[in-house]
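Going by this note's numbering, the first residue of the sequence shown is number 195, and it counts up by one from there.
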Amino acid sequence: MEKKKIKIGLLPRIIIAIILGIVFGLFLPRSMVRIFVTFNSIFSNFLQFLIPLIIIGLVTPAISDIGKGAGKLLLITVLIAYCDTVFSGLLSYGTSVTVFPKLIGGTTAESVAEFENIEPYFSIQIPPMVDVMAALVFAFTLGLGMAFFGSPSLKKFADEFKDIIVKTIEVVIIPLLPVYIFGIFLGMTHTGQALQVIKVFISIIGVIFILHVFLLVLQYCIAGGIVGKNPFKLLGKMLSAYFTALGTSSSAATIPVTLECTKKNGVSDEIAGFTVPLCATIHLSGSCLKITACAVALMMMQGMTFDFWMFLGFIMMLGVMMVAAPGVPGGAIMAALGVLAAMLGFGEQEQALMIALYITMDNFGTACNVTGDGAIALVMDKLFHRGVSPAKS
């Protein structure tokens with residue numbers, strides 16, 4: 195009999211990497227630490243090179259696919275999903291700037307920045323072919339153009355390019371991420387700052403979890419008010435989808451369960467069959483909430499200046515970038531790296547900490563996303579009522 199290979203998911207690997215980084219950072223000599231700092235320098239440069247390509251490869255076909263749809267049902271579903279995603283980001287920002295200063299306390303710029311004093315043995319520069327904003331504009335222009343003209347050859351090229359990018363992430367980036375995170379925490383422990391950062395991380399995770407619960411209750415209170423049903427009963431019937439998403443960390447994999455739960459809430463087959471798969475792609479309120487909170491916390495820790503208008507633009511752009519997130523292994527954070535760099539000025543260190551912090555809560559964000567899809571389906575069913583198919587809208 196063949197022995198079954200034990201597969202360890204990305205989240206456990208990231209947690210193991212953080213723990214090992216802290217443990218080994220306590221006794222490894224600086225010369226050994228510099229080896230991992232060198233690896234991180236090369237990996238980071240490759241990641242910066244890849245970010246614009248990720249944007250072009252994932253956003254272009256996503257925009258094209260959405261643009262192919264027709265009718266009011268599609269437009270209103272996309273508008274509601276986008277507004278809810280942006281609202282969740284603003285809710286997260288307001289809570290973060292109120293609560294985090296007390297939690298972060300003295301853990302400021304030097305808590306993380308001291309790692310930069312450890313120099314790599316050598317560095318390989320891999321400049322991106324285009325900058326992030328140019329990649330965003332190109333992806334939108336090409337995606338909308340493909341949707342408008344219906345170019346099959348361009349669509350085939352975009353889909354194949356997406357496959358290349360996804361495979362690169364799956365085969366190169368995701369397997370090496372734990373090593374990258376290990377190197378980050380190894381260096382921070384070596385400079386004596388890792389424990390402070392970990393304490394802040396735990397506090398932030400607690401706040402974000404409470405925010406997720408509040409957002410779901412609010413979504414179903416609004417949906418329940420519109421359809422005239424008890425919001426807590428509606429939310430209770432979605433718990434199967436919530437816990438399935440906790441286990442799979444995938445909106446797409448949870449679609450069958452989300453559909454079943456949505457129909458139990460009285461949504462017609464036609465509306466549920468259209469809105470749930472669509473929202474699994476475009477509605478990522480939980481992910482936007484997490485990324486915004488993590489970004490605020492890290493900017494506070496780094497002593498970086500920011501204001502409401504900076505984050506408003508960031509959140510609105512993030513809401514669009516989330517369209518590409520379901521195609522990215524490892525969560526929406528990979529799709530958001532470009533916007534974090536271009537609009538908030540995140541460098542190598544901040545991006546690495548964002549990845550570590552985000553992935554530790556990845557399944558909770560996915561659960562929030564898919565459960566919220568059921569609330570949107572309820573509203574759409576009320577607006578378009580039963581028997582109205584997407585094609586006729």
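We put the beta carbon where it would ideally sit given N, CA and C, even for glycine.
By the neighbour-count definition (other C-beta atoms within 10 Å, threshold 16), L273 is an exposed residue. Counting along the chain, the unbroken alpha helix (DSSP H) around S290 starts and ends at 266 to 298. Each residue's CA atom was taken as its position, placing G283 and Q543 some 23 Å apart.
DSSP places F426 inside the alpha helix (DSSP H), whose first and last residues are 425 to 430. Shown here, Q319 sits in coil according to DSSP, grouped into three states, outside any helix or strand. For L409, the CB contacts under 8 Å within the same chain, skipping 5 residues up- and downstream, are S282, L285, S479, G480, L483, C562, G566 in chain order. If you look at E464, you'll find it in the alpha helix (DSSP H) that goes 463 to 476. In the structure shown, G532 falls within a helical segment according to DSSP collapsed to helix, strand and coil.
In the displayed model, A329 falls within a helix according to three-state DSSP. A526 sits in coil when the DSSP states are folded into three classes, being neither helix nor strand.
Taking a cut-off of 8 Å on C-beta distances, the segment 237 to 250 touches the segment 526 to 533, as three or more cross pairs fall below it. The DSSP-derived three-state label of D567 is helix. With a cut-off of 8 Å on Cβ pairs, the segment 486 to 500 is in contact with the segment 537 to 557, counting three or more such pairs. Y276 is positioned such that its CB atom lies no closer than 7 Å to that of T486. Between F379 and I527, the C-beta spacing is not below 7 Å. Annotation for G219: V227, F379, L380, G381, M382, T383, H384, A388 place their beta carbon closer than 8 Å to its own, counting only its chain and skipping 5 residues before and after.
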